[in-house]
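Peer 1:
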Amino acid sequence: EDKVVQSPLSLVVHEGDTVTLNCSYEVTNFRSLLWYKQEKKAPTFLFMLTSSGIEKKSGRLSSILDKKELFSILNITATQTGDSAVYLCAEQGGSEKLVFGKGTKLTVNP
Amino acid sequence: ETGVTQSPTHLIKTRGQQVTLRCSSQSGHNTVSWYQQALGQGPQFIFQYYREEENGRGNFPPRFSGLQFPNYSSELNVNALELDDSALYLCASSLAMGKNSPLHFGNGTRLTVT
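These protein sequence lines are chains A and B, in that order. To convert, take the position in the first sequence, counting from 1, and add 12; that gives the numbering used here. To convert, take the position in the second sequence, counting from 1, and add 12; that gives the numbering used here.
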């Protein structure tokens, strides 16, 4: 069965720090890799990655995919307390379902 | 644009009972998926509906069943509740099956089974 592994599982930083979250996956018939932010309930969509080496960027957040090495990273620069959340990585393979990792819990202290 | 809405937000049931959770998909979305998220875990795929037909199912027993209606809203039914069914149940909709369309999630229903 497809497997998605995220690291670290938790991370505590100070405001202004830069963080890198990791996601590795094993999948057949890869279609896309997605990142979500979950603060309390609904995971909110951040990025969908389908091609290697093309960085997607939204404000202080960016993400890139390496299809050869089967991993993705999510970078957050100049972190703020509002970035505190669980960040979920999910892979979509040949079927329509998403396979999620356990998430990285990020805590940003003032 | 109306997002994904779920009801109820919280629910407490007793072991052995049955529960129905409801979901209205985002406007224009015809595909609905249900996920179960236990505490400290990522969401686990239960099943997906497209045009009122089940289109893919995860590793969940038959007592988990669902429906999709012509207006694309959906229900998740769980029979013979067990303590391990306590979780956040998330509904997600997407634009169209077979396309690279990200899932958009609702706020979920927190189910507690005692």
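Think of the CB as a built atom: it goes at the ideal place given N, C-alpha and C, for glycine as much as any other residue. The model shown is predicted, which means the values in this text are computed figures rather than measured ones.
#1: Name the chain B residues that come within less than 7 angstroms of A/ALA54, Cβ to Cβ?
#2: Could you give the C-beta distance for A/LEU46 and A/LEU110, rounded to a whole number, given that I count them as a contact under 8 angstroms?
#3: Which class does B/ASP97 belong to by DSSP, given the choice of helix, strand or coil?
#4: Figure out for me which residue from A/LYS68, A/LYS53, A/ARG43 has the closest Cα to the Cα of A/ILE88.
#5: Starting from B/HIS41 and walking both ways along the beta strand (DSSP E), at which residues does that stretch end?
#6: So, under 8 angstroms CB-CB, B/ALA99 and B/GLN49 are touching, yes? Tell me the CB distance rounded to an integer number of Å.
#7: Could you tell me whether the Cβ atoms of B/GLU87 and B/ARG34 are closer together than 8 angstroms?
#8: Check B/THR17 in the structure and name its three-state DSSP category.
#9: Would A/GLU103 be called buried (16 or more neighbouring beta carbons within 10 Å of its own) or exposed?
Peer 2: According to the structure shown:
#1: PHE117, GLY118, ASN119, GLY120
#2: 7 angstroms
#3: helix
#4: A/LYS68
#5: Careful: B/HIS41 lies outside any beta strand (DSSP E) and carries neither H nor E.
#6: 6 angstroms
#7: yes
#8: strand
#9: buried
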